[in-house]
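> Can you keep this structure in mind? I'll have questions shortly.
Numbering (our numbering), first residue to last: 4 to 532.
If you want it as structure tokens, here you go:
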């Protein structure tokens, strides 16, 4: 009988699910706070069910000699070392959609609170004052709401805002015009939203592209009197610059549930008038906590008893029988998606996947999910193979699949084409007999490239001296090349190079390559190998 440890607080109903399914369970909700004691006992368990208090570190995993699955009741997995778990062969699951409504409702509640100054008015009235004239608010009716991020949670906020008869502008690079029409919003660029919105709410993950998306420069573009709501991620807003804008009157109010540093014991936003702050309560409702707890218990039981995988962050959603055969191909599909995702800066309209030969007979749903997840991780690192197809559909990205009989030198291969409004970008790959994925064609140019964690892609005109400039520039910067693959369309036409590096290349190296004047494009790439 499999054995699971629940080391954080989980509902009794969820714990009972394990028992009813035939899984032995120890419910020790305070153990997650004692990392030493947890490390002592973790070797006894096949599964670990957690919330946010338990830290699943590399050190803990070293002691987890029998651990097969970690289940996070909730979406955030910042407390789990996923690369270390993957190396250990431990599946990490979360529950990505269990608290979407709750988080969206909290954002709407915060919008009401800051519009009507409810917290300050409550404190004043509790103190025996009757300051009716002090707390003059504004209506939401007929105001313009700017939504930054129109994915799962953002679309729920949009629906509620339209019910309040607000006008809604949406900024989301991956939102198609058709999807915007279905949602009932006007799709705009970020600067347009900043200059027109009366309220702005954020519903995007924290990535390199979204970090400080409301910077000091962006705040200067805001419509005077705007109110800012952030229930998504700390770090999306320059809190210090926003505090200054609140003080000088450009911004009329703000409501924040998340902060750049958490737990937030201090912030430039604290103790300012008409600023509502809460301690990351977005998912804190009875219903949401119950939903994610029940989901994680069901998912973990399914995996431990039948081998079925759902909502895994480091494992495809396939049956146990399929996993042994498909594993290398699923990894390849993810790499191909990650390549085109990292190479594409425009909104994606379509993802077309061609399966040739033996791979065309496999579970294409799982392979498609791996491709889509790879594409979307470039802008949303929280997606997994379950949530990525849902998000792609919500954003109007068309996914098409083609099967064909063996049509080339390989027993099977996958080709991924990413379509934007202005171009198509394609890459193909296969799995060799050693089980390792390879890139075999980029931009129609044949290559044979091993996939590494850190890679560099360059494109140039096929003229003498380019290879030397590439090697010399990287050598001068101390960048070591582990593997080097070249290809060209024809003599004198475009040529490409894809390099497997020992470490990530920095901005200085990219700038140095561009400064040589020999490269049409130089892009760093990262892959989860």
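Even for Gly, the Cβ is constructed at its ideal location relative to N, Cα and C.
Quantities reported herein were computed from a predicted structural model and do not represent experimental measurements.
Under the three-state reduction of DSSP, which class applies to residue 375: helix, strand or coil?
helix
> Looking at the structure shown, is residue 63 part of a helix, part of a strand, or coil, going by DSSP?
helix
> Buried or exposed for residue 282, please, with buried defined as at least 16 other CB atoms from any protein chain shown within 10 angstroms of its CB.
exposed
> Mark residue 440 as exposed unless 16 or more other C-beta atoms lie within 10 angstroms of its C-beta, in which case mark it buried.
Residue 440 should be labelled buried.
> Inspect the beta-carbon positions of residue 150 and residue 118 and report whether they are closer than 8 Å.
no
> Which partner residues of residue 490 appear in the DSSP bridge assignment?
499
> So, are the CB atoms of residue 17 and residue 36 less than 8 Å apart?
For the 8 Å CB-CB criterion, residue 17 and residue 36 do not form a contact.
> Helix, strand or coil for residue 413? Go by DSSP, reduced to three states.
coil
> Quick one: what's got a C-beta closer than 8 Å to residue 8's C-beta in the same chain, skipping five residues either side?
28, 29, 31, 34, 44, 45, 47, 48, 50, 51, 52
> With DSSP collapsed to three states, give me the class of residue 26.
Three-state DSSP puts residue 26 in coil, outside helix and strand.
> Name, in chain order, the residues that DSSP records as bridge partners for residue 360.
Paired residues: 415.
> Rounded to the nearest angstrom, how far is the Cβ of residue 95 from that of residue 80, given a contact under 8 Å?
6 Å
> Could you check the C-alpha separation between residue 178 and residue 383 for me, to the nearest Å?
14 Å
> So, at 6 Å on beta carbons, what are the nonlocal neighbours of residue 156 in its own chain, with the 5 sequence-adjacent residues on each side left out?
103, 106, 107, 206
> Is the distance from the Cβ of residue 275 to the Cβ of residue 249 below 8 Å?
Yes, the Cβ-Cβ distance between residue 275 and residue 249 is below 8 Å.
> Are the CB atoms of residue 378 and residue 343 within a distance shorter than 8 Å?
yes
> For the alpha helix (DSSP H) holding residue 119, just list the boundary residues, first then last.
103-119
> Out of 431, 348, 317, state which residue places its alpha-carbon closest to the alpha-carbon of residue 357.
431
> In the stretch 382-470, which residue ranges form an unbroken beta strand (DSSP E) of at least 3 residues, counting only runs that do not cross its ends?
401-407, 415-423, 427-434, 440-445, 448-453, 457-464
> Give the secondary structure of residue 45 by DSSP, where H, G and I count as helix, E and B as strand, and everything else as coil.
helix
> Would you call residue 407 buried or exposed, if buried means 16 or more other Cβ atoms sit within 10 Å of its Cβ?
exposed
> Whose CA, out of 477, 93, 491, lies closest to the CA of residue 505?
477
> Answer with buried or exposed for residue 475, where buried requires no fewer than 16 other C-beta atoms within 10 angstroms of its C-beta.
exposed
> Spatial neighbours of residue 337 within its chain, please: CB distance less than 6 Å, with the 5 preceding and 5 following residues excluded, ordered by chain position.
Result list for residue 337: 373, 377, in chain order.
> Where do the N-terminal and C-terminal ends of the beta strand (DSSP E) with residue 297 fall, by residue?
Run containing residue 297: none in the beta strand (DSSP E); it sits in the alpha helix (DSSP H), 289-309.
> In angstroms, rounded to a whole number, what distance separates the CA positions of residue 533 and residue 317?
In the structure as shown, the chain starts at 4 and stops at 532, and residue 533 therefore has no counterpart that could be examined.
> Note down, in chain order, each residue of its chain lying with its Cβ closer than 8 Å to the Cβ of residue 122, except the 5 sequence neighbours on either side.
116, 279
> Per the DSSP calculation, residue 96 is bridged to which residue(s)?
74, 315
> So if DSSP puts residue 280 in a beta bridge, which residue, or which two residues, is it bridged to?
Paired residues: 259.
> Beta carbon of residue 450, beta carbon of residue 420: below 8 Å?
no
> So the alpha helix (DSSP H) residue 163 belongs to, where does it begin and stop?
155-166
> Could you name the residues of the same chain whose beta carbon sits closer than 8 Å to that of residue 224, not counting the 5 residues immediately before and after it, in chain order?
194, 197, 198
> Report the three-state DSSP secondary structure of residue 182 (helix, strand or coil).
helix
> Alpha carbon to alpha carbon, how far is residue 295 from residue 306? Give it in angstroms, no decimals.
17 Å
> Checking 8 Å against the spacing of the C-beta atoms, do residue 535 and residue 417 come in under that value?
No information on residue 535 is available, as it lies outside the stretch 4 to 532 that the chain covers here.
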